[in-house]
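Residues -12 to 340 (our numbering) make up the sequence shown, in order.
To keep things clear, I will list the structure first and then write my remarks on it.
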Amino acid sequence: METAQTYVSGRLCLPEGYTPALSLRETEQAIKFIKDTFQNGLAAALNLARVSAPLCVTAASGLNDHLNGVETPVRFSIRSIGEDAEIVQSLAKWKRAALADYGFGHGEGLYTDMNAIRPDETLDNLHSVYVDQWDWERVIDASERTVPFLEGIVRDIYGVLLRTNQLVCERYPSVPAPELPDELAFVRSEDLEADDPDHTPQERVDHICRDSGAVFVIGIGAPLRDGNPQDGRAADYDDWSTPTDETHRGLNGDLFIWNPLLGCTFELSSMGIRVDPSALLRQLEAHGELANRDLPYHRRLLAGDLPLTIGGGIGQSRLCMLLLHTAHIGQVQSGIWSDAMRSACFAAGIPLL
């Protein structure tokens, strides 16, 4: 099958000759199978317990994730308590507080279903206003705040992905299997820039991901040599500023898979070792946000009331897209799309839920 032009954010990609491998009802059954299988494997691999999570948090708590710092959370007033609340954009900070409040110890962690609304998203094959992911967080100690430890956790997660893919292939033989390499590649964002200085950060990832099939890029958020980061990160959860050697910074990263159906790089997960007090202050200052240190969450972290942790998010619909060979995220989640997009997808044989 030939694919349409390489995916570009905001552009609808319609693979030529595409036909869904499963009916709508079979797809719904397969979504449940994938989610059950993967989350059980993730919990076992990382020693995580399932917990409940909030859909919204108070705006004054400082718990909401501000992502790249430009997205606008959905905000509303709660009449009975006289406070503004926000729909979560992720649970990056809430999870760390929950580990402390629930009494989790070293090597233990939690995971939960995170459901978010991101109204600023540009809608296309991979993005919708509704976000569903597994958010997870685990307690570590100071000796584990290293790149080798981060890589070990990433390998564990990738192993769960490979095992889930194997079981999906056995259960649904009509679904074309994604071409996942047995081993995941690791690369530093600084090295990507040094090897490919004439292209954008996204183009660099596209090149290496197309060649390797799956790659984890380490160091997301700190400015590179040209002054721009590999990608944006908020200042108050991932540690993207701690030097790890003479030329590299950052204890976080993104997991990318090459999607041959769409001809694009497919971000499946963002994760990282979280800030300690010194990294938090350094990153707040770098973003001009030092005033946030007076928010309740930030005060707890600076006072040492929160454990050192590693954590991240793994896209549920993204995973289902990958393993079920779907061309649009609307095939694995019920969402809101323009009439033009629905019509174009219908004409191309892409049924949206």
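For each residue, glycine too, the CB sits at the ideal point set by N, CA and C.
Source: prediction; values computed, not measured.
Query	Result
Rounded to the nearest angstrom, what separates residue 197 and residue 127 at their Cα positions?	33 Å
Give me whichever residues DSSP pairs with residue 246 in a beta bridge.	251
Find the nearest neighbour of residue 37 within the set 97, 201, 103, judged by alpha-carbon distance.	97
For residue 176 and residue 207, which I take to be in contact (beta-carbon distance under 8 Å), what is that distance rounded to the nearest angstrom?	7 Å
Taking the CB atoms as reference points, tell me whether residue 180 and residue 213 lie closer together than 8 Å.	yes
In angstroms, rounded to a whole number, what distance separates the CA positions of residue 1 and residue 19?	26 Å
Can we say the segment 223 to 238 touches the segment 164 to 171, given the rule of at least three CB pairs closer than 8 Å?	no
Just tell me which of -1, 5, 278, 13 has its CA closest to the CA of residue 319.	13
Within 10 Å of its beta-carbon, does residue 78 have 16 or more other beta-carbons around it, so buried, or fewer, so exposed?	buried
Which residues in the same chain as residue 265 place their Cβ atom closer than 8 Å to its Cβ, once the five residues preceding and following it in sequence are excluded?	none
Assign residue 27 to buried or exposed, taking buried as 16 or more other Cβ atoms, counted over all protein chains shown, within 10 Å of its Cβ.	exposed
Give me, in chain order, the residues of the same chain whose beta-carbon lies closer than 6 Å to that of residue 262; leave out the 5 immediate sequence neighbours on both sides.	226
Note the first and the last residue of the continuous beta strand (DSSP E) segment covering residue 65.	62 to 65
Can you give me the start and stop residues for the beta strand (DSSP E) that residue 123 sits inside?	117 to 126
Which runs of the beta strand (DSSP E) spanning at least 3 residues fall entirely within the segment 127 to 172, listed in chain order?	none
Sorted by chain position, which residues of the same chain lie with C-beta nearer than 7 Å to residue 288's C-beta, five sequence neighbours on each side aside?	264, 267
Assign residue 131 to one of two classes, buried (16 or more other C-beta atoms within 10 Å of its C-beta) or exposed (fewer than that).	buried
Keeping to the same chain, check which residues put their C-beta closer than 8 Å to that of residue 243; ignore five residues upstream and five downstream.	192, 196, 201, 202, 203, 204, 252, 253, 254, 255
Residue range of the beta strand (DSSP E) that residue 98 falls in?	96 to 104
Let's test the definition: count the other Cβ atoms within 10 Å of the Cβ of residue 25 and tell me whether it reaches 16, buried, or not, exposed.	buried
Per DSSP, what are the beta-bridge partners of residue 239 in this structure?	259
In whole angstroms, what is the alpha-carbon distance linking residue 334 and residue 325?	14 Å
Here's the rule: buried if 16 or more other CB atoms are within 10 angstroms of the residue's CB, otherwise exposed. What is residue 302?	buried
Would DSSP call residue 91 helix, strand or coil?	coil
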